[in-house]
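Visitor:
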Amino acid sequence: RHRQAMAGVLDAADALESQLRAARSEIEAVAGEGQDPVREAMQEMLRQRLWLQQHGARASLRELDSVRNSIEQASRRIDHQLLQVERARAPLH
């Protein structure tokens, strides 16, 4: 179970990183000045990867679930930003 939880966290981090790289320019074009949601999400993902590297082998399943949830929340925030980009680009009727 621990190995599966670790794999799930790593998969979530990989998916978020891929999502961030693909969405970076679109989100940055629409984000307000002083806001950088992509950078914030990348920093969160990197913090989680570092934590996992340092503590993952000894982490409880609850801790691993918490890390994965944090990564998934960052992914949802990016999805929200992409939705805002889509709405901003939609023609007004």
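Under my numbering, the residues of the sequence shown are numbered -5 to 87, in order. Just so it is clear, CB atoms sit at the ideal spot from N, CA and C, and this is done for glycine as well.
Do ARG62 and VAL3 count as a contact pair if the criterion is CB distance below 9 Å?
Guide: As a working mapping, residue 3 is identified with position 9 in the sequence shown. As a working mapping, residue 62 is identified with position 68 in the sequence shown. Result yes, Cβ atoms of VAL3 and ARG62 sit closer than 9 Å.
Visitor: What would DSSP say about ALA90, mapped onto helix, strand or coil?
Guide: Given that the chain is displayed from residue -5 to residue 87, the structure contains no residue 90 and the question cannot be resolved.
Visitor: With 16 as the cutoff for other CB atoms within 10 Å, does LEU58 come out buried or exposed?
Guide: Stepping through the sequence shown from its first residue, residue 58 is reached at position 64. With 16 or more Cβ atoms within 10 Å of its Cβ, LEU58 is classed as buried.
Visitor: For the alpha helix (DSSP H) that ARG70 lies in, which residues bound it at each end?
Guide: In the sequence shown, the residue the question calls residue 70 occupies position 76. Where ARG70 is concerned, the enclosing alpha helix (DSSP H) stretches over 55 to 83.
Visitor: Is any non-hydrogen atom of the ligand NAD found closer than 8 Å to the C-beta of SER60, if you look at the structure I gave you?
Guide: In the structure on display, the ligand NAD does not appear, and there are no ligands present to speak of.
Visitor: Does the beta-carbon distance from ILE65 to LEU10 come in below 9 Å?
Guide: For the purposes of this step, residue 65 is taken as the residue at position 71 of the sequence shown. For the purposes of this step, residue 10 is taken as the residue at position 16 of the sequence shown. Yes. Within cutoff.
Visitor: Alpha carbon to alpha carbon, how far is ASP73 from LEU40?
Guide: Looking up residue 73 in the sequence shown gives position 79. Looking up residue 40 in the sequence shown gives position 46. One C-alpha to the other measures close to 19 Å.
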